[in-house]
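See structure below.
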Ligand SMILES: C[S@@+](CC[C@H](N)C(=O)[O-])C[C@H]1O[C@@H](n2cnc3c(N)ncnc32)[C@H](O)[C@@H]1O
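Here it is as structure tokens:
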């Protein structure tokens, strides 16, 4: 008889280039710490903005105890299809929304899919320009429950001028407390993931329960 897979085992599979799972565009220590933080609060509904090939989506579906549904948004034609996401999701209710996250009609589609369910966790990892991340935050953060959690990826930058999440994060004065999950051991030169170089990292976390604050070096 097999039991539930631990986060550690899940990460080994997800970050194994030989496995069928698309590799998450994350640093392992940071996404591991974020999953542990998320698991402290029994979320049922997670929204991810920025699916890409579905690596983090896989972890959200399989690494959160009791998760019921995951909604993942990306542009049409560039990200994993709904069928591919279903294959990664192990019985979790999956909604793949393919549209520009910054458009109001995309948000409306997402709200229809949620059918009134509060968002317990929102992960934003899409357009990394200042205006892009600000727009995603302004559109989707209001859907998050009053005790929910919001994570912004790539708040720490290593020399890529196109990644401006740090600027938005620095000025963000949220409804809730701010905390940071950062792998301090990671620094220049950039490391390669799936053929592209990761130049930024770090999660900025907004905790609406106002319990999490400060910097967590992992
Ligand atoms: C860094 S990748 C996401 C990585 C993914 N979260 C993971 O860890 O596997 C960013 C994704 O955001 C998507 N994206 C960028 N701008 C977007 C927009 N305006 N609307 C929806 N998706 C967008 C890109 O197509 C890309 O797939």
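In this note's numbering, the protein residues as written are 118 to 335.
Even for Gly, the Cβ is constructed at its ideal location relative to N, Cα and C.
Using 7 Å as the threshold, is the C-beta distance between residue i and residue j below it?
{"i": "residue 323", "j": "residue 236", "result": "no"}
{"i": "residue 176", "j": "residue 318", "result": "no"}
{"i": "residue 300", "j": "residue 146", "result": "yes"}
{"i": "residue 180", "j": "residue 205", "result": "no"}
{"i": "residue 264", "j": "residue 326", "result": "yes"}
{"i": "residue 161", "j": "residue 185", "result": "yes"}
{"i": "residue 320", "j": "residue 151", "result": "yes"}
Using the C-alpha atoms, what's the distance from residue j back to residue i?
{"i": "residue 233", "j": "residue 261", "result": "11 Å"}
{"i": "residue 336", "j": "residue 203", "result": "Residue 336 falls outside the range modelled here, since the chain spans only 118 to 335, and no answer is possible."}
{"i": "residue 297", "j": "residue 182", "result": "23 Å"}
{"i": "residue 137", "j": "residue 212", "result": "21 Å"}
{"i": "residue 258", "j": "residue 220", "result": "15 Å"}
{"i": "residue 131", "j": "residue 140", "result": "6 Å"}
Run the proximity test for residue i: is its beta-carbon closer than 6 Å to any non-hydrogen atom belonging to ligand 1?
{"i": "residue 234", "result": "no"}
{"i": "residue 167", "result": "yes"}
{"i": "residue 274", "result": "no"}
{"i": "residue 218", "result": "yes"}
{"i": "residue 153", "result": "no"}
Practice task
Report yes or no: do three or more beta-carbon pairs, one from the region 221-230 and one from the region 193-208, lie closer than 8 Å?
Solution key: Segments in contact, no.
Handout entry: Sufficient close CB pairs (3 or more, under 8 Å) joining the region 213-221 to the region 179-194
Key = The region 213-221 is in contact with the region 179-194.
Problem - Completely contained beta strand (DSSP E) runs for the region 172-230, where each covers 3 or more residues - result: 186-191 and 210-215
Handout entry: the region 247-256 contacting the region 280-298, beta-carbon criterion three pairs below 8 Å
Key = yes
Practice task
Would you list, in sequence order, the uninterrupted alpha helix (DSSP H) runs of no fewer than 4 residues that lie entirely inside the region 271-296?
Solution key: 282-288
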